[in-house]
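As given, the protein sequences belong to chains P and L, one line each in that order. With the working numbering, letter number 181 in the first sequence gets 181, and the count goes up by one each step, no holes. One rule links them: number in the working numbering = place in the second sequence (from 1) + 1000. Backbone N, C-alpha and C define an ideal beta-carbon position, used for all residues, glycine too.
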Amino acid sequence: MEKLFQYVYNLPQDQFNSARLHPPCAVCVAGTGSGSLSHAILRTIAPTGHLHTVEFHQQRAEKVAEEFKEHRVGHLVTVRNQDVCKDGFGVTGVADAVFLDIPSPWEAVGHAKAAMKKHGGRLCSFSPCIEQVQRTCEALTHQGFEAISTMEVLLRVHDVRTVSLPLPDFGPDASAQTEPDAREETPPTSTPNHPSITLKTTTPPREMPGHTGYLTFATKPRT
Amino acid sequence: MCFIMADCGDDDSQYRIKEGDCIVMKRGDIFKAAQIQPKKKVVFEKQWFFLDNAVGHLYGTVFETVSGGTLQPQKPKDTESSCDAKEAGTDNRNIVDDGKSQKLTRDHIEMFKKQGLKGQQIIQELIENSSTFRDKTEYAQDKYIKKKKKKYENTVTILKPSCRILAMMYHGREPGKICHLRYETLAQMLTLANVHAGSKVLVFETCAGLVLGAVMERMGGYGSVIQMYPGGGPVRAGVESFGFPAHFHDTLHEFPICHVNALLSGTLHTTGRDSSADEKQSSMVEEEKSQPDATQQGSPEEQSMETSAGDDTGQDQEKTQEEKRKEAKAQEKKVKLEEKRKKLAAAAALLEGRNADGLVIASRFHPWPVLMGLLKFLSPSRPFVVYSQYKEPLIECYTKLKEQGGTVNLRLTDTWLRHYQVLPNRTHPLLLMSGGGGYLLSGTSVVMDRSKPTCSQQAEEPAPKRLKLTDTEG
């Protein structure tokens, strides 16, 4: 399991997703892609859960299957090289949760429903475009899913900085007649002796990710 | 196919509501935890009812509250909106909002309720008595119906508790109790701390046990969780709400932080001799031997109590009763003390190795001293995560950690969360969104290299620029 740590999937949505899982959940994921999400999920459902993942790109599917073996988690995961929209996940009635990270998730909703336990489960779909989200929500409603909810999650990093803010010089204080020596040598340009306030604060990065995708969650009721 | 057959039998029972179960009641976005106890009234959203009728039904069932306070499963056809008002307007140019379009009064509605009309029927009445309903656009009609449903439908869904549901409940009802920790921040913490089955996780929290429960849920009963607690005893009411199976509690330990320094310096005695934590109780039980099960009568302590009772009358029977009562009490206390001692010893044993796999901190205490004290128990190359409602304490932690070394990959983050309404031609973000969900500082412990001077401060943070400009560039 330690090797999996390198696959910490830092996108908040994947943390968000995998947070709902725990042993002994059974999970279906499409498409596998690089396998980052799959690895994150495996960490949370081991040792008694199982992951079924579908990838329609043959080479990617083979590569990721190899990686699972290398990381000694092959027994926890089944990789299928097929098109989830046409052929589904290859299992029925077993999943507690389904994740869809594909271009046309609305085409896979029906298959997701079939793969999920009849007692119910949670579905999550990730799509960059709002039109995809709309079609997916429609399909979910049509298939009888409940508690359909769409949201966006963005991670903001704060850079800790030490900042020095100079204090302005308004000239000698007219009311303070005494102690002239302190004020005498105040050059117009700042020197290290010129008063300033140093503080620790954070600054946001100049640019930050503003959008990755919309997350749509739904619950499959008992069927 | 055999997969499904194997699931059918016993899985069903795990999805059915049983007496004694910890459940969560839901209506819309409102949640409330409760326990199924016979003939016990619960209040939820200004309604009183009994949960007895829920027993035997599946989790996720929607119930209607009928008069008398009983629950009835809602029939599917009731949920179908029979308000297929075919008639709708195109826009609101002619609709005057004078507050007089609804002919029914408050009294009428109360009467309907008394007559036992269901929510759906009341809504139908409202629609029929609204002079403007037919002129509204289809979308406005939808919105109107949704609003009325929220107000008049008296349904309750019974859910099985989970981290997600309980976190939403606490955040909605009593955010102060959980330091305003938002659900997805909690989710991040679990991932950042790499909480997984089989690990040894230290948790210091003042979130009513929600964070502790979330960690335990994720570990699935494997591994161990040690709750470091301030004060007299661990607070974990939230853990009860999860309704974990009994064996999960075997993985849960607790350790009072007032003994941390003693443990670190090796001066904590967890054998029978040291009863420093319970001086008040130990005054009654002056047991020097570490024998926990001295149940026989006539033990020295009992004799000393006899004499100190000051009862010198010859009434043997009275004495025996009094003796027995006192003895039983003392015995009880002894057993409890011993249990406590054993638990402390077990927790200390887990901590002594200083090889925890993860550290999670989420409290109202200033995080720096907590972190500084508990990081010592973490193995090198292991994650830690600290939650704070405020940013500044975490800035301090970040700065001090950089100075003292021993950690890498420090990151201070928070998340931005926005919900959307997704409807045909009406998709947009919701009008209100959460203002914030707290901040997280995460990092990884490393072996402390004491030979090198700590020059790591310069590594990531650029030196403060000279004073002519304020710092602009990262």
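Checklist entry - Who are L/Trp1048's beta bridge partners in DSSP? => result Beta-bridge partners of L/Trp1048 (DSSP): L/Val1043.
Checklist entry - How would you label P/Asn17, buried or exposed, when you count the other beta carbons within 10 angstroms and need 16 or more for buried? => result By the neighbour-count criterion, in which 16 or more other beta carbons inside 10 Å mark a residue as buried, P/Asn17 falls on the buried side.
Next on the checklist: Strictly below 7 Å CB to CB, what residues from chain P border L/Glu1217?
Outcome noted: His22
Item to check | Sequence-distant residues of the same chain with beta carbon closer than 6 Å to L/Ser1131, five excluded per side | outcome: Ser1101
Item to check | Cβ-Cβ distance between L/Leu1071 and L/Leu1058 below 8 Å | outcome: no
Checklist entry - Considering L/Asp1107, what are the terminal residues of the alpha helix (DSSP H) in which it resides? => result 1106-1115
Next on the checklist: Helix, strand or coil for P/Tyr214? Go by DSSP, reduced to three states.
Outcome noted: strand
Next on the checklist: For chain L, check one thing: does any of its Cβ atoms lie closer than 8 Å to the Cβ of P/Thr201?
Outcome noted: So, interface residue.
Checklist entry - Does L/Gln1074 come within less than 8 Å of chain P when only Cβ atoms are used? => result no
Checklist entry - Residues in its own chain within less than 7 Å of P/Thr141 by CB, not counting five upstream and five downstream? => result Answer for P/Thr141: Ile148, listed in chain order.
Next on the checklist: Counting only beta-carbon separations shorter than 8 Å, does P/Glu185 have a partner in chain L?
Outcome noted: Only weak support exists for where P/Glu185 lies, its pLDDT of 49 falling under 50; the coordinates are left without a value.
Next on the checklist: Given this structure, state the Cα-to-Cα distance separating L/Thr1206 from P/Pro103, to the nearest angstrom.
Outcome noted: 42 Å
Item to check | Partner residues on chain L for P/Leu154, Cβ-Cβ distance less than 7 Å | outcome: Against P/Leu154, the close residues of chain L are Thr1415, Trp1416, in the order they occur along the chain (beta-carbon pairs closer than 7 Å).
Checklist entry - From P/Arg20 to L/Val1195, what distance separates their C-alpha atoms? => result 12 Å
Checklist entry - Mapping DSSP to helix, strand and coil, what is L/Tyr1229? => result strand
Item to check | Where the stretch 115-127 of chain P meets chain L: residues whose CB sits under 9 Å from a CB there | outcome: Lys117, Lys118, His119, Gly120, Arg122
Next on the checklist: At the level of alpha carbons, what is the spacing between L/Arg1476 and L/Lys1041?
Outcome noted: One cannot answer for residue 1476 of chain L here, as it falls past the ends of chain L, which runs 1001 to 1474.
Checklist entry - Would you say P/Gln15 reaches chain L, if we count a Cβ-Cβ gap shorter than 8 Å as a contact? => result yes
Checklist entry - Per DSSP, what kind of secondary structure is L/Ser1199 in: helix, strand or coil? => result coil
Checklist entry - Counting contacts by CB-CB distance shorter than 8 Å, is L/Glu1395 in contact with chain P? => result Going by the sequence as given, residue 1395 of chain L is Ile instead of Glu. By this cut-off, L/Ile1395 is an interface position.
Item to check | Beta-carbon spacing of L/Gly1238, L/Leu1268 below 8 Å | outcome: Against a cut-off of 8 Å, the Cβ pair of L/Leu1268 and L/Gly1238 comes out as no contact.
Item to check | Rounded distance between the beta-carbons of L/Met1228 and L/Phe1248, thought under 8 Å | outcome: Contact flag wrong, Cβ pair sits at about 19 Å.
Next on the checklist: Quick check: what's the CA-CA separation for P/Phe126 versus L/Met1025?
Outcome noted: 29 Å
Checklist entry - What's the call for L/His1428, buried or exposed, on a 16-neighbour Cβ count within 10 Å? => result Counting Cβ neighbours within 10 Å, L/His1428 comes out exposed, since fewer than 16 surround it.
Item to check | Cross-chain neighbours of L/His1419 in chain P, by beta carbon under 9 Å | outcome: What L/His1419 touches in chain P: Ser149, Thr150, Met151, Glu152.
Next on the checklist: On the DSSP letters alone, give me the boundaries of the beta strand (DSSP E) that L/His1253 sits inside.
Outcome noted: 1252-1256
Checklist entry - Can you tell me the Cα-Cα spacing of P/Thr44 and L/Gly1089, whole angstroms? => result Straight-line Cα distance between these residues: approximately 52 Å.
Next on the checklist: What ranges does the beta strand (DSSP E) occupy inside the stretch 5-85 of chain P, keeping only unbroken runs of at least 3 residues that lie completely in it?
Outcome noted: Qualifying beta strand (DSSP E) stretches, in chain order: 26-30, 50-54, 77-80.
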